[in-house]
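First comes the structure, then the notes that go with it.
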Ligand code: SF4
């Protein structure tokens, strides 16, 4: 192997020791890297039934073979563990220099188990692992922690993955942040770090990253880089993903006031166009990226003057229209607040909007909010609630548990509009208006995730009738999941996908050029099917049943009241039919379990022993 080293670093926090496991080419070819490799490492190293906030939950980082090479938009890493939000597999990815550093340190994966007895951070310095006191870092924001560790170690080249106060306080949707604003954002893996009393993982790598076919890779990378700055990525380069705001609003799928509507009457005030005109300071990129979709915004005047952060569509919808907020400066401030404390902006916004709807309906009162009045659009209260969640202050303690647990506690019918699947809060597309995506949301292994599913694309592009269900969507959803997995395991940014004529063969070729491990497009497809079954197997081992593959009641019972998706609702019968068809397409049983022979065909005999039927 070339780009990969075959080394997995294990760090045991309880006993403060580390060791290196070696894996062979066949293993790496099976799991490819990124999310796939991280999920497999989590399966192997997490005890069945482990408490997500206990020492037996393994927090696993995995590299991509592209990080640190000439492959554009390939410097990413995967992170996986049992999620404290869903009690199922939480798998994330993040970009940039941290991904390169841990590869330069010589590892394809890092597995962290156990828990420290007092707050520490771990420094991986090539072959040396040290455990360092972190008591002076407690309470620091994510960005401050990164800087403080770099300063302490006296080297700007040190890269840091860290938690903020939210992770320390075990907020169930705390994230892990690296490189000043790149986040392993969803499913609460920051709380897993917090429970281990691990404030940060710092890495310095100085080893070269060799590739198997330097000349071939140079040519391929040059061609891909040229395409990546062409018309297919223009929307990302010019405005980033906030360009979606007006499009989604027109289609009637822009979540508004906790998904009570898909049309926000003030969308034109919070659009990507306004953001670009009034707030964008500069476009920046992850390491090794030629696209640079990330737009750093700054508020220059008014109540939120000085707020500065990058804004993407998902953060914007969640803390903006979904909370009824039409003030872009306030949305930037709310996103900055979440980023500083290290919290998933999507789960934060959707949980706050659930609380606001409880207030609208008189389920929660002004007294419950400690005197705050969370009327729709009250942006000062949205920002205050984000802070209270991070600190677990007042009602923030309840909201830090996420919508599912909060609704279970509050009751009074509030679960009807607790917009989560499996405990993970929904994404920025109302599934009533995107019904292939509705299936993707229901069956997603980590919950209702646009990034893992990609099933919104056939809906948004008009390739299917987006307002109705049909069994044929089962195969479509499966294909979308596996295409998403290709990008999440090989670890190319999905924003380059429009530049690839045949993603399967081109990514397979890049994988072989970097690693020297031969793989055909057909083998890569099978690897992605294997990865999806791996994630599902993790969940089955943890007690998953078919009942979990469903949608919030709002989407199956309340017709969309207005706008471009007016009248749409996901019919329960239609959803059931689509789920049946999806299980069939996957070769699973009608209960959604994986037959032993299916697992054997995917070279997962060990997993068949654990969960096969
Ligand atoms: S396109 Fe955006 S998210 Fe993707 S690698 Fe570049 S800057 Fe990062």
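Residue numbers (the numbering used here): 248 to 860.
All residues carry an ideal CB built from backbone N, CA and C; glycine is no exception.
DSSP, read as helix, strand or coil, puts residue 777 in helix. Fewer than three pairs of CB atoms, one per stretch, sit closer than 8 Å, so the stretch 276-283 makes no contact with the stretch 252-268. By the CB criterion at 8 Å, residue 433 and residue 671 fall inside the cutoff. By the CB criterion at 8 Å, residue 779 and residue 847 fall outside the cutoff.
Here the C-alpha atom of residue 368 lies approximately 38 Å from the C-alpha atom of residue 523. If you measure from each CB to the nearest heavy atom of ligand 1, the residues under 5 Å come out as 320, 342, 532, 533, 536, 538, 540, 541, 740 and 742.
In the structure shown, the three-state DSSP call for residue 626 is helix. For residue 372, no alpha helix (DSSP H) segment is defined; the enclosing uninterrupted segment is the beta strand (DSSP E) at 367-372. Runs of alpha helix (DSSP H) with 4 or more residues, each lying fully within the stretch 444-526, are found at 461-475, 481-485, 491-498 and 519-525, listed in chain order. Contact check for residue 772 against residue 729 passes: the beta carbons are separated by less than 8 Å.
Judged by DSSP secondary structure, residue 307 falls within the beta strand (DSSP E) whose first and last residues are 306-310. Beta-bridge pairing by DSSP links residue 706 to no other residue. Taking 8 Å as the cut-off, the Cβ atoms of residue 796 and residue 282 do not count as close. Beta-bridge analysis with DSSP links residue 378 to 369. Taking a C-beta distance under 8 Å as the contact criterion, residue 575 and residue 595 do not qualify as a contact pair.
The beta carbon of residue 521 is closer than 7 Å to those of 575 in its chain, skipping five residues each way along the sequence. When rounded, the separation of the alpha-carbon atoms in residue 483 and residue 341 is 18 Å. Residue 664 and residue 505 have their C-alpha atoms roughly 8 Å apart. Check the Cα spacing between residue 354 and each of 285, 361, 305 and 299: the tightest is with 285.
Fewer than three pairs of CB atoms, one per stretch, sit closer than 8 Å, so the stretch 286-301 makes no contact with the stretch 371-379. For residue 486 and residue 536, the gap between their C-alpha atoms comes out near 16 Å.
Nearest C-alpha to residue 256 among 309, 293 and 287: 309.
A straight line joining the alpha-carbon of residue 463 with that of residue 361 spans about 43 Å. DSSP lists 307 and 338 as the beta-bridge partner residues of residue 327. Going by beta carbons, residue 802 and residue 817 fall inside the 8 Å limit. For residue 769, the closest C-alpha among the options 760, 787 and 750 is that of 750. For residue 808, the closest of 307, 497, 508 and 358 by C-alpha to C-alpha distance is 508. When DSSP states are grouped into helix, strand and coil, residue 807 belongs to the coil group.
The C-beta separation of residue 451 from residue 515 comes to about 47 Å, leaving the pair out of contact by the 8 Å criterion.
Distance from the CA of residue 532 to the CA of residue 556, rounded to the nearest whole angstrom, comes to 13 Å. Residue 827 carries a helical assignment under DSSP once its states are collapsed to helix, strand and coil. Taking residue 569 as reference, the option from 609, 548, 611 and 621 with the minimal CA-CA separation is 621. Counting along the chain, residue 556 sits inside the beta strand (DSSP E) bounded by residues 555-557. By alpha-carbon distance to residue 459, the top candidate from 842, 685 and 249 is 249. Per DSSP, the continuous alpha helix (DSSP H) segment holding residue 437 begins and ends at 436-442. By alpha-carbon distance to residue 418, the top candidate from 702, 592 and 626 is 592.
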